[in-house]
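Quick note on this note's numbering: the sequence shown kicks off at -2 and runs consecutively.
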Amino acid sequence: MKVYPISVNSEELFDERGNIVERLFVPSLSPLHRTIQIPELLVYNQQEQIVHLRRHNPQTRVLETDRSSLVVHIGSVRRYRHRKPSRASWCMYFGPGSDWNECRQLQQPFEQTRIRGVIEALYLAFSTVSSITCAHPELTNVRIACDSWYLVNVVAFRGWGWIDEHTWNSSRVYSPHNSRLASINTLFINFDCRGINVKMWFITREQNRNAHRLAYQALIDPTDQARRSEYSYSPS
-2 MKVYPISVNS EELFDERGNI VERLFVPSLS PLHRTIQIPE LLVYNQQEQI
48 VHLRRHNPQT RVLETDRSSL VVHIGSVRRY RHRKPSRASW CMYFGPGSDW
98 NECRQLQQPF EQTRIRGVIE ALYLAFSTVS SITCAHPELT NVRIACDSWY
148 LVNVVAFRGW GWIDEHTWNS SRVYSPHNSR LASINTLFIN FDCRGINVKM
198 WFITREQNRN AHRLAYQALI DPTDQARRSE YSYSPS
């Protein structure tokens, strides 16, 4: 679904039906970010071990680090796709060597798929982001980068009434994702009440490769699942 800025100087978006899209970040449509190339858009804060956005200062138009921003990449991978037993894992990636990085195998009896893994990554990332923002109250703009269009579409576009109203899929089988997605919606609302703006950011799989490398570590060595990743941050 296409989105459009409300005005040239606004970060607010609306979709083809005229609905305001509050939970989506599109750098190319943001007046403070649209002229910045992806490799220059993100900067790693070694001291705090988190990634910030860069932006053009609204007054001077000088490129600067947005110290109110926090970017986390989430991802999921799956092994043994065409044979049993398959296993999936999830991760949250805050930057190279960050102590906040985490990767784990997806617990049973959750469906061992990438979609379920990335949903779990989003749900659990809120807890880590909450800890970070409590310690650093200046972080009021959180961007969650993800290469799953399914998840971004559900969070940003589809609205949340369907979670309660359509708990069955087209085959009349209960969808195990709905309960977790409803919990994620509650977390978005809770952060909004705290004055923290959280938006999803759809990126390509290549731009999310560091997160996927981290997720693979949980499948390779399940005895050491939560760890730092030394992969350098290069989003392009």
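In this text, a Cβ means the ideal position worked out from N, Cα and C, and glycines have one as well. Bear in mind that the values here come from a model prediction, so they are computed numbers and not experimental data.
Name the two residues that bound the continuous beta strand (DSSP E) containing residue i.
i    : result
V68  : L60 to R76
I47  : I47 to H53
V195 : N194 to F199
W87  : R84 to Y90
Q102 : E99 to Q102
State buried or exposed for residue i, treating a residue as buried only when at least 16 other CB atoms are found within 10 Å of its CB.
i    : result
W165 : Annotation note: pLDDT 44 at W165 (below 50); position unreliable, coordinate value reported separately. Its Cβ having fewer than 16 others within 10 Å, W165 is exposed.
P82  : exposed
R14  : exposed
Could you check where the alpha helix (DSSP H) with residue i kicks off and where it finishes?
i    : result
S180 : H174 to C190
L10  : Per DSSP, L10 belongs to no alpha helix (DSSP H); it is in the beta strand (DSSP E), L10 to D12.
R206 : R206 to I217
S124 : R111 to A132
W146 : W146 to A153
Please go through the same chain and pick out, in chain order, the residues whose beta-carbon is closer than 8 Å to the beta-carbon of residue i, but skip the five residues on each side of it.
i   : result
E37 : R51 and L60
For residue i, collect the residues of the same chain with a Cβ closer than 7 Å to its Cβ; drop the 5 residues on either side in sequence, then sort them by chain order.
i    : result
E203 : none
S147 : According to the sequence displayed, residue 147 carries Tyr and not Ser. Excluding sequence neighbours, Y147 sits near I112.
Taking only three categories from DSSP, how would you classify residue i?
i    : result
L136 : coil
I35  : helix
Which same chain residues end up closer than 6 Å to residue i when comparing Cβ atoms and leaving out the 5 residues on each side of it in sequence?
i    : result
V40  : H49, R51 and T62
S95  : Q46
W198 : F22, R140 and A142
Using beta carbons (cut-off 8 Å, strictly below), is residue i in contact with chain C?
i   : result
P93 : Absent from the structure is chain C; it holds one protein chain and no more.
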